[in-house]
Each structure stands twice: as C-alpha cells, then as structure tokens.
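Some notes on the structure that comes next.
There are 2 protein chains.
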Amino acid sequence: MSHQTPAQLPRGRPRSFDMEAAVERAMGVFWSRGYHATALPDLLRATKLSRGSLYAAFGDKHSLFLRALDRYIADALTRMDIELDPRSEPVDGLRAYLAGYVDRTSGANGRRGCLLVAAAMELAGQDSEVSRRIASFFKAMEARVADTLSRAKAAGKLADGVEPSSAARILVCFVEGLRVVGKTAPARITSQATVDALLDRFIK
Amino acid sequence: MSHQTPAQLPRGRPRSFDMEAAVERAMGVFWSRGYHATALPDLLRATKLSRGSLYAAFGDKHSLFLRALDRYIADALTRMDIELDPRSEPVDGLRAYLAGYVDRTSGANGRRGCLLVAAAMELAGQDSEVSRRIASFFKAMEARVADTLSRAKAAGKLADGVEPSSAARILVCFVEGLRVVGKTAPARITSQATVDALLDRFIK
DNA sequence: CAATATATAGACCAACTGGTCTATAAATCG
DNA sequence: CGATTTATAGACCAGTTGGTCTATATATTG
Numbered sequence: 047m048s049h050q051t052p053a054q055l056p057r058g059r060p061r062s063f064d065m066e067a068a069v070e071r072a073m074g075v076f077w078s079r080g081y082h083a084t085a086l087p088d089l090l091r092a093t094k095l096s097r098g099s100l101y102a103a104f105g106d107k108h109s110l111f112l113r114a115l116d117r118y119i120a121d122a123l124t125r126m127d128i129e130l131d132p133r134s135e136p137v138d139g140l141r142a143y144l145a146g147y148v149d150r151t152s153g154a155n156g157r158r159g160c161l162l163v164a165a166a167m168e169l170a171g172q173d174s175e176v177s178r179r180i181a182s183f184f185k186a187m188e189a190r191v192a193d194t195l196s197r198a199k200a201a202g203k204l205a206d207g208v209e210p211s212s213a214a215r216i217l218v219c220f221v222e223g224l225r226v227v228g229k230t231a232p233a234r235i236t237s238q239a240t241v242d243a244l245l246d247r248f249i250k
Numbered sequence: 047m048s049h050q051t052p053a054q055l056p057r058g059r060p061r062s063f064d065m066e067a068a069v070e071r072a073m074g075v076f077w078s079r080g081y082h083a084t085a086l087p088d089l090l091r092a093t094k095l096s097r098g099s100l101y102a103a104f105g106d107k108h109s110l111f112l113r114a115l116d117r118y119i120a121d122a123l124t125r126m127d128i129e130l131d132p133r134s135e136p137v138d139g140l141r142a143y144l145a146g147y148v149d150r151t152s153g154a155n156g157r158r159g160c161l162l163v164a165a166a167m168e169l170a171g172q173d174s175e176v177s178r179r180i181a182s183f184f185k186a187m188e189a190r191v192a193d194t195l196s197r198a199k200a201a202g203k204l205a206d207g208v209e210p211s212s213a214a215r216i217l218v219c220f221v222e223g224l225r226v227v228g229k230t231a232p233a234r235i236t237s238q239a240t241v242d243a244l245l246d247r248f249i250k
C-alpha cells in the first residue's frame, strides 16, 4: 500500500510511557491476585500510571485484563514454539515442554499459579471474551503437542498404540491439572517424577 | 461419656431453618459465581435467610464459604468411596470414577466448573484455611486412587511397569485438568475418548 | 509564538461491599 | 402467664468499588 506511516505526525505531546510495559505490569498483578481481587489502586501502583492515563490508554479494567491475558497467551505460545521447534528432536521437545511445567508448578511459581487457568475458573463461565481466548489457547497448545507427537511417531519413538491426537489431549489436561495441584502441593521432586512416569507410558 | 444430649433443652424459640440446606444453597452460589463475585444479597436470596439469621448462624461470608467448601469436599469423597469400593472390581471402579469426571466436565456441568478448583485458583495463594482443605482433598483423592490401582496390580490388571503411586498422581492431575479444559471445551465425546485413551495406557 | 495533545494528581461520584443493629413478631419453655 | 430465644425486615454504617472529570503542567507541532 501507499502509506504505512500516518500521513502526518500527531500534533501534541507524545505518549511518554511504554504501553506494553504497562500491560506487562498489570498482567503481573492480575496473575498474583486474580481479576476480582485486583482493585484499581493495585493497577495504578503497578503501572505507575495516573487514573486518567490508564483509562485513556486502556478503556477500563476489563479491557486491560483482556490485553494482559492476550499477552500471557502470546508468551506461552512463543515459549512452546521454541520448546517444540520442528527442527529439533520431538522427544527432547516434549521433555523440555514438560520440564517447563514442572518449573512453573513448583515452589513459589506453583503457588503463584497460572493467569490463564485462574481466568478460566473465575471468568470463563460469565465472560465470553475471556472464554474465547482460553478455548483458542487450549486448541493451539493441543495442536502443537499433537504435531510433535506425530513427528515422534514417524521417528518410531512412540510406544505401541499411542495415537498423537488423543495423547496430545491427555498431555494438555495433565499439565493444566499440574497447575491446579501445584497451587497447594508444589513439591518439585514429586512433579518431576510424575511427569517422568507419564512420559514413560507414551515414549518408547 | 455421661451426657450425649444437652442436660436441658434450650429455652426459647427453636431454630426453624435447616442449616445444612442453607449451606448447600450457599455452596451452589459460590460454585456458580466464585468467592469474590458472590455478594451477600446473592447468598440471602439463595438461602432465603435474613442478614441477621445468616450472620448469627455462620459468622461471616468467609466462614460460610469454608462450610460450603467442606460440604463440597465431603460429597466428593463420599462419591469416590462408592465408585472405588474395595469390594468391587478395581478396574470397573476406575472406569466409574473417570466416567464421573467425563460427566462433570461435559456440557453445562463443564461450564459450571468445580468449586474446589476455582477456590484453589482464586484463594489458595492468600487463604491458608482454603489452602489446607484443598491440599488435604488432593491427598485423600490420590490415596484412594493409588489404593485402587494397587488392587488392580495385585489382580494382574495393570500394564507392565505401571507403579500405583505415580499413576495415581497422574490420574489426579489429569482429572483436575479435565475440569479446567471443560470450562471452555465441554464436548462429551472428546472427553470420553481422552479418558479411554488414558486408561488404555495403564490397564492391561 | 499559538495550537495541540498528553501527562499528572486528586477531587468527585453513585453504587455497592461486608457487616452491625434495632424493632418486632413468633415459638418454645417452666 | 412471663421468660427466653430465634426469626424477620430493613435501617444504618464506614469503607471500597470502578469510573469520570477538572485543573494544571509539559512536550511536541507548525
């Protein structure tokens, strides 16, 4: 097209704060406290924005939450694309993927929980915007895992009778369940052993 | 001891409502809406109690929530004790147990979610009373599943190399993950197929 | 410079929060 | 009966909620 940049620069004082950094800070608050338990002053403190700036930039609490959730999801998918990179060994990828969950569900990380799972439980029932995003994330995660399992199967690394698509659904449920259990029982050794035992059932 | 019943009957007007029924109704509200999103008027409407009666009987919102959570947990354990009854076939028991989760994570049931998982994600990080109850529930569930798996193993019904205790942890994570995914993707056929595929890896 | 746009702090708002209290009716007892 | 206890409806409370608005400073443009 003819003009990628706006035809003329905006007139007045330019925005002087980093919107993405603000979303990231807000994400951190929602992540630690949940949606309803997060009050405006918490967000103002974390983002270091005034009420006016926050509302001008993001609209309202709910919109800001959606941006935080989108950011959280994008980060998760980016991470998976690295762990499950098609150019490396699929079984190594799966191990890395599961090791990440062991890490995120152990100790303090485990107690902090998962913004996405918390949003699913707290909001998905009543909030279709949230619901859509979560459903699409699970689909995307499942697709990546299924693809990796297919590559493992082609390489003869899967146990007999393992079907990539249903195994992928099993793994997705398992890791999300790890996040739930990790909220109150975040013992690293146990999680790691459980993950190893699970993988043992699927990998030759 | 000498006196199981109070030495003398109370003097005045007796309590005229059923406290357990009130707890159950309150449980229903917390279950559908979560803790923070449940307001006092919601609880008054559901229990059909006046503010005064509710506070006299239960203390405050948080105490009532704990009673509702206790009730929810007791129901779940009772159900498991039936499904995994030691007098019946362990493999049948496991199938019944998992079938129950398929049911509870499908369609409208799935969208409603799980009071316990919601409480874990919303409150466990900040509320030690809630946290204790949830941790102890997961332990109790895992013990029952592990016991059933041990019986299955003794009967030669487990696949080679399956160890009951780690397999029980896998199953617990899996079913809790089903509850999370079921919030937004509550397709019965899929859940059932996933459960079947999982059991296939563990049962001979 | 004037015009424009954005930043800030904080006053302000109606609505709602969980929780207490009062007044009064009803149900049980000796 | 009178004493006691619990029920109810609803007034009342201080604190918080998400959200708007005003006043003012500041940074950019032509």
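Chains as they are written, first to last, in the working numbering: chain Y, 47 to 250; chain E, 47 to 250.
Glycine included, C-beta positions come from ideal geometry on N, C-alpha and C.
Apart from the 5 residues on each side of it in sequence, residue 225/Y sits with its Cβ closer than 7 Å to the Cβ of 151, 159, 160 and 163 in its chain, given in chain order. Taking 9 Å as the cut-off, the beta carbon of residue 157/E is found no closer than this to the beta carbon of residue 188/E. In this structure, the alpha-carbon of residue 116/E lies about 12 Å from that of residue 177/E. Neighbours of residue 180/E in chain Y, taken as residues at a C-beta separation under 7 Å, are given in chain order as 230. Counting only the Cα atoms, residue 201/Y lies some 48 Å from residue 83/Y. Listed along chain Y, no residue sits closer than 9 Å to residue 115/E by beta-carbon distance, the nearest being about 13 Å off. Taking 3 residues as the shortest admissible run, the segment 93–155 of chain Y contains no complete beta strand (DSSP E) segment at all. Ranked by how close their Cα comes to the Cα of residue 99/E, the residues 60/E, 142/E and 130/E have 60/E in first place. Within the same chain, Cβ atoms closer than 7 Å to the Cβ of residue 229/Y are found at 156, 157 and 159, the five residues on either side in sequence being excluded. The count of Cβ pairs closer than 8 Å, one atom from the segment 57–72 of chain E and one from the segment 102–118 of chain E, reaches three, so the stretches are in contact. DSSP, read as helix, strand or coil, puts residue 55/Y in coil. Counting only residues of its own chain and dropping the five nearest sequence neighbours on each side, residue 148/Y has a CB closer than 7 Å to the CB of 234, 237, 238 and 241. Note: residue 235/E is not bridge-paired with any residue in the DSSP secondary-structure output. For residue 170/E, the C-beta contacts it makes with chain Y under 7 Å involve 229 and 230, in order along the chain.
DSSP places residue 204/E in no alpha helix (DSSP H); its state is neither H nor E. No residue range can be given for residue 62/Y, since it is assigned to no alpha helix (DSSP H) and is classified by DSSP as neither H nor E. Proximity of residue 191/E to chain Y, defined by a Cβ-Cβ separation below 9 Å, is not satisfied. Per DSSP, residue 85/Y lies in no alpha helix (DSSP H) and is assigned neither H nor E. Against chain Y, the CB of residue 108/E has no partner CB under 9 Å away; the residue lies outside that interface. When 8 Å is used as the limit between beta carbons, residue 243/E is near these residues of chain Y: 209, 212, 213, 215 and 216, in chain order. With a beta-carbon spacing of about 47 Å, residue 56/E and residue 153/E fall beyond the 8 Å limit used to define contacts.
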